Amino acid sequence: MKDKHLYIETFGCQMNVHDSEQMAVLLSEMGYALTDNSQKADLILINGCSIREKAEQKAFSELGRLIRLKAKNPNLIVGFGGCLAQHWGRKVYSRVRDVDLVFGTHNIHRLPEMVAACQQERKKITRTDFSSKITSLNIFAPPPQGSISAFVSIMQGCDNYCAYCVVPYLRGPEMSRTPDDIIDEIKKLVQHGVKEVTLLGQNVNSYGRKLNRDCNFVLLIQRINEIDGLERIRFTTSHPKDLSDDLIDCFARVPKICEHIHMAVQSGSNRILKLMNRGYTAEDFLEKVEKLRHACPHISITSDIIVGFPGETQQNYQATIELMEKIRFDLLFSFKYSARAGTAAQKLKDNVPEDEKNQRLNFLQALQNRHTQEKHTALEGSVQEVLVEGLSKNSGQDMTGRARSWKIVNFKGGSELIGKMVNVEITCGYLHSLRGKIKED
Ligand code: 5AD
Ligand code: SF4
Numbered sequence: 519m520k521d522k523h524l525y526i527e528t529f530g531c532q533m534n535v536h537d538s539e540q541m542a543v544l545l546s547e548m549g550y551a552l553t554d555n556s557q558k559a560d561l562i563l564i565n566g567c568s569i570r571e572k573a574e575q576k577a578f579s580e581l582g583r584l585i586r587l588k589a590k591n592p593n594l595i596v597g598f599g600g601c602l603a604q605h606w607g608r609k610v611y612s613r614v615r616d617v618d619l620v621f622g623t624h625n626i627h628r629l630p631e632m633v634a635a636c637q638q639e640r641k642k643i644t645r646t647d648f649s650s651k652i653t654s655l656n657i658f659a660p661p662p663q664g665s666i667s668a669f670v671s672i673m674q675g676c677d678n679y680c681a682y683c684v685v686p687y688l689r690g691p692e693m694s695r696t697p698d699d700i701i702d703e704i705k706k707l708v709q710h711g712v713k714e715v716t717l718l719g720q721n722v723n724s725y726g727r728k729l730n731r732d733c734n735f736v737l738l739i740q741r742i743n744e745i746d747g748l749e750r751i752r753f754t755t756s757h758p759k760d761l762s763d764d765l766i767d768c769f770a771r772v773p774k775i776c777e778h779i780h781m782a783v784q785s786g787s788n789r790i791l792k793l794m795n796r797g798y799t800a801e802d803f804l805e806k807v808e809k810l811r812h813a814c815p816h817i818s819i820t821s822d823i824i825v826g827f828p829g830e831t832q833q834n835y836q837a838t839i840e841l842m843e844k845i846r847f848d849l850l851f852s853f854k855y856s857a858r859a860g861t862a863a864q865k866l867k868d869n870v871p872e873d874e875k876n877q878r879l880n881f882l883q884a885l886q887n888r889h890t891q892e893k894h895t896a897l898e899g900s901v902q903e904v905l906v907e908g909l910s911k912n913s914g915q916d917m918t919g920r921a922r923s924w925k926i927v928n929f930k931g932g933s934e935l936i937g938k939m940v941n942v943e944i945t946c947g948y949l950h951s952l953r954g955k956i957k958e959d
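In this text, residue positions in the sequence shown follow the working numbering: the first is 519, and each later residue adds one.
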């Protein structure tokens, strides 16, 4: 019997979204039912992101807003978790005094014991130590009823130390789960009705490197491909320096792998890539893209770019624009550089003025919109295999799903199609989605 309510607010990447799903599962075993009404909650958790300053501010301002609910409900417990809590530790209390619980990225599995201690002893609990095991990742989170697609963390942490990035400090060193644990989890998900999994890791291409046995990402994918009832495999993120020819080849020969790769380029300037400690040049990246397109001509390629990295000149920025013109990404996530405490780049002067960063970002985003629109228009008349996920958010009457390319496709159809694979003929390519009609055989 669930007689208490849990409200979770999540910021940041898919990793954080997945961590929140695991928190909900653990706390449900303690009698907490999820609610989307913070006013009704007995326990509020904020799972914050620390990757850029803006993300950090957003999470703190939500914390400030939600903590006021304690005035009405003195028994309310408020916890602050994730990368952001890992980063701030006890200092969270000096920013927002009434927080009860601060827990880091390696302590999710200890939530029940921490919440119980908060309830019984009414004292503050802080846990931000790193563990040498990956206990948190082995929590099985049954997907919400009716889920078609699920995330599966295959590893945690990162050893790459890109100069701008705070992740290795907040999620610890790279550690991979064993293939057997991953396969077991996916089989359980399939029993719950899941048809598509997205394998998560900061750099899935280096999966298994430290497991000290005959194990790598390609072998893992091949085993996952054998799971009956699973129809699609996706993964994110791929670091370009570790994208092997073997993995590229999987796009051509492993049937369940979807034709989409997210591979962050970050910059098109070799000087900036070097300063970023990325381990490849713009030419290397282009070569990988060519190989991918050779192995799989329709592959959709998405990426991340940072503008205004310390010392980025107009010429360096132009090199990024030129690379974008050559590659023509399907979609791009672009960001203004944000200095992060403890990273190597923090020691460099953040010397691109804010106005200039804004201009660079705006121009780059407008260019990307043109590229995305071109790609989507070119798909008009094509037939796409769509895994139907549910009702479209924009119009309550349409069904929605994703093509193998990860593009959203909306079309008219009934709810009996949810969880099914349908062929949809694309009639119109918009910037953020495709529209089509079911193609009868
Ligand atoms: N400033 C701006 N963008 C960043 N990213 C990571 N760290 C920073 C930072 N300090 C971006 C990168 C990464 C994505 C998840 O976030 O592009 O690929
Ligand atoms: Fe950050 Fe680089 Fe690791 Fe990605 S690969 S999480 S950008 S350090």
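Yeah, the Cβ is synthetic: ideal placement off N, Cα and C, and Gly gets one too.
Note that the structure is predicted; figures quoted are calculated from it, not measured.
Run of the alpha helix (DSSP H) containing residue i, from where it starts to where it stops
{"i": "Ala542", "result": "Gln532 to Ser546"}
{"i": "Met842", "result": "Gln832 to Ile845"}
{"i": "His812", "result": "Ala800 to Ala813"}
{"i": "Ile652", "result": "That residue, Ile652, is in no alpha helix (DSSP H); it is neither H nor E in DSSP."}
{"i": "His894", "result": "Glu872 to Ala896"}
C-alpha distance - residue i paired with residue j, whole-angstrom precision
{"i": "Ser579", "j": "Met533", "result": "21 Å"}
{"i": "Gly932", "j": "Gln902", "result": "18 Å"}
{"i": "Lys588", "j": "Tyr525", "result": "14 Å"}
{"i": "Arg727", "j": "Arg615", "result": "42 Å"}
{"i": "Phe853", "j": "Asp959", "result": "44 Å"}
{"i": "Gln663", "j": "His710", "result": "8 Å"}
{"i": "Lys893", "j": "Asp848", "result": "7 Å"}
{"i": "Ile742", "j": "Lys938", "result": "20 Å"}
{"i": "Ser546", "j": "Lys520", "result": "7 Å"}
{"i": "Glu714", "j": "Gln883", "result": "30 Å"}
{"i": "Asn565", "j": "Cys601", "result": "8 Å"}
{"i": "Asn887", "j": "Arg878", "result": "14 Å"}
{"i": "Ile819", "j": "Asn928", "result": "21 Å"}
Neighbourhood of residue i by C-beta distance below 7 Å, restricted to the same chain and skipping five residues each side
{"i": "Ala782", "result": "Thr755, Ser821 and Asp822"}
{"i": "Thr644", "result": "Gly607, Arg608 and Val620"}
{"i": "Val708", "result": "Ile745, Gly747 and Leu748"}
{"i": "Leu897", "result": "Ile944, Gly947 and Leu952"}
{"i": "Leu655", "result": "Ser671, Gln674 and Arg695"}
Terminal residues of the beta strand (DSSP E) in which residue i lies
{"i": "Met939", "result": "Met939 to Gly947"}
{"i": "Ala668", "result": "Ser667 to Ser671"}
{"i": "Thr716", "result": "Glu714 to Leu718"}
{"i": "Arg858", "result": "Careful: Arg858 lies outside any beta strand (DSSP E) and carries neither H nor E."}
{"i": "Asp822", "result": "Ser818 to Val825"}
{"i": "Gln663", "result": "Here Gln663 belongs to no beta strand (DSSP E), and DSSP marks it neither H nor E."}
DSSP bridge partner residues for residue i (one or two, in chain order)
{"i": "Val927", "result": "Gly919 and Leu952"}
{"i": "Ser785", "result": "In the DSSP output, where bridge partners are listed per residue, Ser785 has none listed."}
{"i": "His523", "result": "Ala551"}
{"i": "Thr528", "result": "Asn565"}
{"i": "Thr754", "result": "Leu718"}
{"i": "Ile595", "result": "Leu561"}
Supposed contact pair residue j and residue i - C-beta distance, whole angstroms, cut 8 Å
{"i": "Asn678", "j": "Pro686", "result": "7 Å"}
{"i": "His627", "j": "Asp647", "result": "Not really, about 13 Å apart at Cβ, beyond 8 Å."}
{"i": "Ala921", "j": "Asn795", "result": "About 35 Å; that fails the 8 Å criterion."}
Neighbourhood of residue i by C-beta, 6 Å cutoff - its chain only, sequence neighbours within 5 removed
{"i": "Tyr506", "result": "Given a span of 519 to 959 for the chain in the structure shown, any question on residue 506 remains unanswerable."}
{"i": "Ala635", "result": "Ile643"}
{"i": "Gly729", "result": "Contrary to the premise, residue 729 reads as Leu rather than Gly in this sequence. Once the five neighbours on either side are set aside, the close Cβ partners of Leu729 are Ser694."}
{"i": "Ser785", "result": "Leu791 and Thr838"}
{"i": "Ala542", "result": "Leu552"}
CB contact check: residue i to chain D, cutoff 9 Å
{"i": "Ile701", "result": "Given the protein chain composition of this structure (a single chain), no chain D is represented."}
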